[in-house]
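This report refers to the structure that appears directly beneath it.
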Amino acid sequence: MRVLLTGGAGYIGSHTALVLIERGHEVVLLDDFSNSSPEAVRRVEELTGARIPVIEADLADRSAAAAALEGVDFDAAIHFAGLKAVGESVVEPTRYYRVNIDSTLALLDLMRERGVTRLVFSSSATVYGDPEYVPVDEAHRAGVGLTNPYGWSKFMNEQIIRDAQAAWPRLGAVLLRYFNPVGAHPSGRIGEDPSGIPNNLMPFIAQVAVGKRERLSVFGDAYPTVDGTGVRDYIHVMDLAEGHAAALERIEAGVEVYNLGSGTGSSVLEVVRAFEEASGRPVPYAVAPARAGDVAEIAADPSRANARLRWRTTRSLADACRDAWTWQSANPDGYAA
Ligand code: UFG
């Protein structure tokens with residue numbers, strides 16, 4: 001297939017582009033580089049030997065995006081583009097809703113105009129809110145008690161895609177609810193390159209281990225979990241990228257939703273220890289107050305994706321720490337260097 005990757009230069013997009021090319025697909029990337037780097041694309045080209053067409057445009061600006069995509073044919077789209085910082089979304093809700101919703105609306109209209117019937121959407125486990133049971137399966141209620149506009153925008157986009165599919169039954173859409181993506185390509189050539197202070201745990205730990213930051217703040221140690229710290233389901237970004245390829249290759253008309261996670265929860269302190277082991281470096285930390293909006297524990301029940309997509313995670317948390325460390329130590333300033 002020829003696949004359009006919106007936000008294709010980002011962390012998950014770049015790893016997915018690589019996996020799709022290795023599986024024999026062609027990719028076209030659309031990105032406005034507001035939170036990504038052309039260097040990531042260059043490195044995917046270097047790793048795969050492919051030449052990757054890149055369209056620089058803001059998808060939320062529908063006329064600009066339509067003009068930029070004129071004459072660019074594609075059979076399917078994977079919609080990664082969007083803003084993703086939870087805390088920032090609370091401070092700038094209108095920007096988050098505008099960018100994250102307008103981009104989806106523009107893409108859906110463009111696909112219908114072009115008769116492109118396959119869509120994969122980057123959703124998030126955040127739509128489950130504070131789960132009633134763990135591990136969560138796809139039947140768990142979604143869109144209840146969400147605590148930030150970022151999370152709402154993911155849930156709203158799921159609903160928008162369902163409504164668009166109901167009005168255009170030929171559309172085949174897959175909503176992928178990611179758990180916590182971590183790690184990097186094992187080459188260390190591509191990885192996660194957060195701008196400023198990392199919001200997420202693994203990139204923060206990696207910057208502590210490499211000496212860029214003094215210590216990790218552990219947000220809360222009194223949750224009802226194994227050691228009192230928050231528990232999440234960390235999924236290696238290469239496993240996640242393979243999940244996109246599996247979903248894309250099995251799309252049928254209708255809407256399907258899949259959890260992409262490992263099925264195993266790890267606490268903050270377990271991640272710290274795994275990273276110390278993988279890197280051979282100490283990761284000093286101090287306990288800080290719990291972060292507003294965080295849940296104690298969430299992990300995926302990935303059995304639906306395992307069965308229907310014939311996909312499962314094959315990489316461990318230790319693998320993710322090793323690969324994140326390879327990336328971080330070879331690229332201490334990310335793509336900027
Ligand atoms: N944490 C720390 N210190 C830090 C950063 C994180 O202790 O400096 C803790 C958090 O409290 C949490 C765990 O590490 O217990 C993971 O936090 P992340 O910020 O890495 O990830 P979240 O689970 O909060 O959020 C992630 C994605 C969101 C997505 C959500 C879905 O970043 O985009 O999963 O569950 F919405």
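Counting from 1, position 209 in the sequence shown corresponds to residue 209 in the working numbering; the numbering is continuous, with no gaps. Where is the CB? At the ideal position from N, CA and C, for every residue including glycine.
On the three-state DSSP scale, how would you describe residue i?
| i | result |
| --- | --- |
| residue 15 | helix |
| residue 55 | strand |
| residue 259 | strand |
| residue 70 | coil |
| residue 6 | strand |
| residue 116 | coil |
| residue 61 | coil |
| residue 20 | helix |
| residue 32 | coil |
| residue 37 | coil |
| residue 334 | helix |
When you compare only the Cα positions, how much space is there between residue i and residue j?
| i | j | result |
| --- | --- | --- |
| residue 93 | residue 100 | 10 Å |
| residue 179 | residue 262 | 8 Å |
| residue 303 | residue 250 | 16 Å |
| residue 310 | residue 247 | 9 Å |
| residue 182 | residue 50 | 25 Å |
| residue 298 | residue 242 | 22 Å |
| residue 33 | residue 56 | 7 Å |
| residue 272 | residue 283 | 7 Å |
| residue 121 | residue 78 | 6 Å |
| residue 295 | residue 71 | 45 Å |
| residue 152 | residue 173 | 19 Å |
| residue 65 | residue 91 | 27 Å |
| residue 141 | residue 330 | 42 Å |
| residue 226 | residue 58 | 43 Å |
| residue 211 | residue 221 | 24 Å |
| residue 26 | residue 4 | 9 Å |
| residue 288 | residue 266 | 19 Å |
| residue 129 | residue 187 | 35 Å |
| residue 276 | residue 219 | 19 Å |
| residue 176 | residue 38 | 25 Å |
| residue 238 | residue 22 | 12 Å |
| residue 61 | residue 286 | 43 Å |
| residue 146 | residue 36 | 27 Å |
| residue 364 | residue 139 | Outside the displayed range of the chain (1 to 337) lies residue 364, so it cannot be described from this structure. |
| residue 376 | residue 301 | Nothing can be reported for residue 376: it is not among the residues displayed for the chain, which extend from 1 to 337. |
| residue 185 | residue 327 | 8 Å |
| residue 143 | residue 155 | 6 Å |
| residue 252 | residue 30 | 24 Å |
| residue 63 | residue 119 | 20 Å |
Whose CA, out of the options, lies closest to the CA of residue i?
| i | options | result |
| --- | --- | --- |
| residue 308 | 204, 257 and 109 | 257 |
| residue 135 | 320, 32, 292 and 260 | 260 |
| residue 160 | 180, 142 and 105 | 105 |
| residue 28 | 2, 35 and 218 | 2 |
| residue 69 | 198, 53 and 98 | 53 |
| residue 235 | 12, 227 and 76 | 12 |
| residue 291 | 323, 276 and 199 | 199 |
| residue 202 | 190, 103, 216 and 264 | 216 |
| residue 47 | 76, 191 and 145 | 191 |
| residue 114 | 131, 162, 130 and 76 | 76 |
| residue 112 | 167, 61, 145 and 270 | 167 |
| residue 83 | 244, 194, 240 and 334 | 194 |
| residue 169 | 85, 116 and 336 | 116 |
| residue 240 | 165, 154, 320 and 270 | 320 |
| residue 108 | 301, 306, 326 and 163 | 163 |
| residue 336 | 63, 40 and 127 | 40 |
| residue 157 | 322, 127, 16 and 133 | 127 |
| residue 280 | 80, 189 and 208 | 208 |
| residue 102 | 6, 326 and 332 | 6 |
| residue 43 | 18, 255 and 278 | 18 |
| residue 87 | 9, 293 and 228 | 293 |
| residue 16 | 80, 73 and 74 | 80 |
| residue 245 | 264, 326, 312 and 189 | 312 |
| residue 96 | 315, 150 and 325 | 150 |
When you measure from the CB of residue i to every non-hydrogen atom of the ligand MN, does any distance come out below 6 Å?
| i | result |
| --- | --- |
| residue 226 | Of the ligands one can find in the structure shown, namely the ligand UFG, none is the ligand MN. |
| query | Which parts of the segment 163 to 251 are runs of the alpha helix (DSSP H), unbroken and 4 residues or longer, counting only runs that do not cross its ends? | reply | 201 to 209 and 237 to 249
| field | Start-end ranges of the alpha helix (DSSP H) lying completely within the segment 125 to 168, minimum 4 residues | value | 149 to 167
| task | Within the segment 261 to 332, note down every full beta strand (DSSP E) run reaching 3 residues or more, in order along the chain. | result | 285 to 288
| query | Residue ranges of each alpha helix (DSSP H) run of no fewer than 4 residues wholly in the segment 73 to 100, ordered along the chain? | reply | 86 to 91
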